[in-house]
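Residue numbers (UniProt numbering): 1 to 501.
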Amino acid sequence: MTFYNHTVFNISDIFPNLKSEELDYFSQGSLIAFFGRVIKEEELTRVTTERYGDMKKPSTLGLIKDLLTVDKRIRTDQKNYSNYRIPVKKFKTSRELFDHLLKSSTEICSASMSLMKSTQSSTLLNMFILAILAKASGGFNDEVYRDFASLITTRSDVESADVPSTIQSIAFDISKAVDVKEFKKMSSEEALKWLQTTTCMAGRKFREFLVRHGHRCLGEYDIYSISWGSDPKSLVKLLQNLAVNVSQDFSKKRSDNLNEMLSQLSIPLGFFSRFMMRLVLPMSRRGVQNRELAKSMCIKTIDEWRKAFRYLAKLLVLEGRIPEEDILFFMTLDEIKELLDTRSPKILARAAQRQRRYPVLNKYILPEIMKGVPKPINLIETPVTPTDETFMMKGVPVSQGVAEGFLRVAITLDEASLLKSGEILVTYSTDVGWTPYFPILAGVVTELGGLISHGAVVSREYGIPCIAGLHGATRKFQTGDYARLDGNTGVLQKLLPPEDK
1 MTFYNHTVFN
11 ISDIFPNLKS
21 EELDYFSQGS
31 LIAFFGRVIK
41 EEELTRVTTE
51 RYGDMKKPST
61 LGLIKDLLTV
71 DKRIRTDQKN
81 YSNYRIPVKK
91 FKTSRELFDH
101 LLKSSTEICS
111 ASMSLMKSTQ
121 SSTLLNMFIL
131 AILAKASGGF
141 NDEVYRDFAS
151 LITTRSDVES
161 ADVPSTIQSI
171 AFDISKAVDV
181 KEFKKMSSEE
191 ALKWLQTTTC
201 MAGRKFREFL
211 VRHGHRCLGE
221 YDIYSISWGS
231 DPKSLVKLLQ
241 NLAVNVSQDF
251 SKKRSDNLNE
261 MLSQLSIPLG
271 FFSRFMMRLV
281 LPMSRRGVQN
291 RELAKSMCIK
301 TIDEWRKAFR
311 YLAKLLVLEG
321 RIPEEDILFF
331 MTLDEIKELL
341 DTRSPKILAR
351 AAQRQRRYPV
361 LNKYILPEIM
371 KGVPKPINLI
381 ETPVTPTDET
391 FMMKGVPVSQ
401 GVAEGFLRVA
411 ITLDEASLLK
421 SGEILVTYST
431 DVGWTPYFPI
441 LAGVVTELGG
451 LISHGAVVSR
461 EYGIPCIAGL
471 HGATRKFQTG
481 DYARLDGNTG
491 VLQKLLPPED
501 K
């Protein structure tokens with residue numbers, strides 16, 4: 001369901017088997033995989049028990065079947081969707097195109113199902129690993145989170161982690177091909193034209209990047225968003241900043257040797273636990289890759305629909321049914337149909353009102369867990385900046401390492417565009433639209449998310465320390481604060497900046 005243009009989930013529907021009694025390690029692991037911690041809400045367990053008290057647990061055989069078949073399903077869908085296109089150009093009128101879109105709406109169902117199945121399978125495998133570590137450690141603690149983060153970091157490509165690595169590689173090649181100061185002085189249009197036409201390695205990599213990742217963007221599930229492939233200028237601006245002080249070390253590769261990884265764990269494992277870890281861990285690491293591949297595939301199909309509705313908007317403008325293209329994205333399908341039938345001005349008025357409210361609603365920040373009607377916390381809470389020079393907060397350590405540097409508190413990408421190399425990003429949450437900034441970061445802190453959230457996955461693959469679930473961090477810390485981020489313990493602490501900084 002949605003509130004204020006934000007998608008929210010009913011927790012009791014996602015975790016119908018939460019009961020009031022003490023949770024076992026497996027159940028706690030499912031909560032940690034989703035929230036980054038074990039949530040203790042008496043009202044939640046009471047409501048869940050009342051609604052789903054007699055509900056049977058999922059079939060073990062069904063879960064095993066999904067685990068064994070998800071690889072094949074994703075490979076099949078990748079092949080089927082590799083050349084997926086909506087043939088918009090063959091339609092001459094908006095009515096013809098709209099009718100075709102309605103009839104074709106089920107075409108993306110298989111891609112969405114692959115994402116759901118791969119996410120479910122990946123989460124289940126992660127829960128197994130968490131349960132093994134927690135049982136060996138005697139409970140969930142920082143050691144469990146730290147060892148888990150180390151284990152599921154893959155050496156092979158993860159789709160979302162390929163974005164910052166390739167961006168940094170392109171920036172490095174730009175620095176070798178042209179004077180970076182002159183490149184930065186170019187307008188984004190001039191720099192884009194150069195990247196699109198040059199025969200040097202930077203240009204080739206840039207064009208290959210748009211082929212592979214051009215369907216991604218900030219807010220990529222929002223059909224109103226504009227993908228990188230449709231408008232690469234935001235990427236070009238980032239490359240202009242990156243090329244000035246980029247390094248050649250694009251990513252930190254880690255050992256893929258199971259014996260070596262298990263020997264480096266801080267939690268000692270018994271014989272049976274080691275045996276189970278050897279069995280589950282390769283599947284879990286592959287599950288992370290599958291989930292990211294399935295998400296990219298799903299977004300690619302959505303991007304085709306994004307382009308189709310953008311073309312529909314062009315036809316509607318040409319036919320004099322709407323004043324400008326963007327307003328179409330603030331109508332429901334029923335309203336579009338009625339507009340085609342009646343040209344009702346009331347529909348245009350309602351859509352215009354939604355369009356005006358859109359940027360306001362996008363700035364709303366909702367709390368992680370809500371009861372009743374959601375209320376944006378940035379409307380009802382006043383930020384309070386602690387005066388203690390050693391103020392600290394603790395979250396969930398999701399990527400190992402320690403970093404010190406100046407903080408950049410950024411809620412929007414416009415604020416993130418001010419990031420400087422070596423700064424620590426403090427934000428509410430991230431998606432793939434934030435990923436190009438990861439190469440220049442010393443560390444990442446998010447209020448939302450857990451061990452398998454976007455920021456955690458990319459940080460681990462890129463070797464950046466990261467803390468998730470640090471609720472209130474964007475209101476307790478300020479841009480310019482000097483701090484120490486400990487990705488081993490989950491602590492973010494203010495420090496006095498060194499004299500030389």
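The beta-carbon is built from N, C-alpha and C at its ideal position, and this holds for glycine as well.
For clarity, every value in this text was computed on a predicted model and none was experimentally measured.
Contained alpha helix (DSSP H) runs [length at least 4] in the segment 225-295, N- to C-terminal order: 233-242, 258-263
Paired residues, beta bridge with F406 - DSSP: Y482
Span of the beta strand (DSSP E), counted from its first residue to its last, around K394: 392-394
Among T2, P16, R37, nearest to I452 - alpha-carbon criterion: Ranking the options by Cα distance to I452, first place goes to R37.
Three or more C-beta pairs below 8 Å linking the segment 297-310 and the segment 81-90: yes
Residue burial classification, S251 (beta-carbon count within 10 angstroms, cutoff 16): Unreliable placement is indicated for S251, whose pLDDT of 49 sits below 50; the coordinate value is still reported in the next sentence. Buried is the call here.
Uninterrupted beta strand (DSSP E) stretches inside the segment 419-452 (no shorter than 3 residues): 424-427, 443-446
Contact belief for L328 with L316 at Cβ below 8 Å, rounded distance in angstroms: 6 Å
Selection from G433, S137, I129 that minimises the alpha carbon distance to T153: Ranking the options by Cα distance to T153, first place goes to I129.
Proximity to D388 [Cα-Cα], best of G469, R321, A483: A483
Coarse secondary structure for L470, derived from DSSP in three states: coil
Three or more C-beta pairs below 8 Å linking the segment 455-472 and the segment 138-153: yes
Alpha carbon of A191 to alpha carbon of W434, nearest angstrom: 21 Å
Exposed unless 16 or more other CB atoms sit within 10 angstroms - verdict on F272: exposed
Identity of the residues DSSP links to V491 by a beta bridge: BP columns for V491 point to K394, D486.
Beta-carbon proximity check, L102 vs F309, cutoff 9 Å: no
Residue 517 (DSSP reduced to helix, strand or coil): Residue coverage of the chain in this structure runs from 1 to 501, which leaves residue 517 outside it and unanswerable.
Beta-carbon proximity list for V398, same chain, < 6 Å, skipping 5 on both sides: A149, L451, A456, C466, A468
Same chain, Cβ closer than 6 Å to M283, neighbours up to 5 away in sequence not counted: L125
Identity of the residue in F206, T7, T45, Y25 nearest F15 by Cα: T45
Sheet register partners of S112 (DSSP bridge): Note: S112 sits in no beta bridge, so no partner.
Neighbour-count burial assignment, D500, 16 or more Cβ in a 10 Å radius: exposed
Supposed close pair N10, K57 - CB separation, criterion 8 Å: Contact flag wrong, Cβ pair sits at about 19 Å.
Assigned secondary structure, K399 (DSSP; H/G/I helix, E/B strand, else coil): The question names Lys, but residue 399 in the sequence shown is Ser. Judged by DSSP in its simplified three-state form, S399 adopts strand.
Three-state secondary structure assigned by DSSP to F309: helix
CA nearest to the CA of G395, picked from Q355, T119, D486: D486
Which residues DSSP lists as bridging T2, in chain order: T7
Where the alpha helix (DSSP H) containing D142 begins and where it ends: 142-151
Rounded distance between the beta-carbons of H213 and V163, thought under 8 Å: 6 Å
Beta carbon of L441 nearer than 9 Å to that of L418: no
Own chain, CB closer than 6 Å to G203, minus 5 neighbours either side, in chain order: L195
Bounding residues of the alpha helix (DSSP H) (the contiguous stretch that carries G29): 25-35
Helix, strand or coil at H100 according to DSSP, with G and I counted as helix: helix
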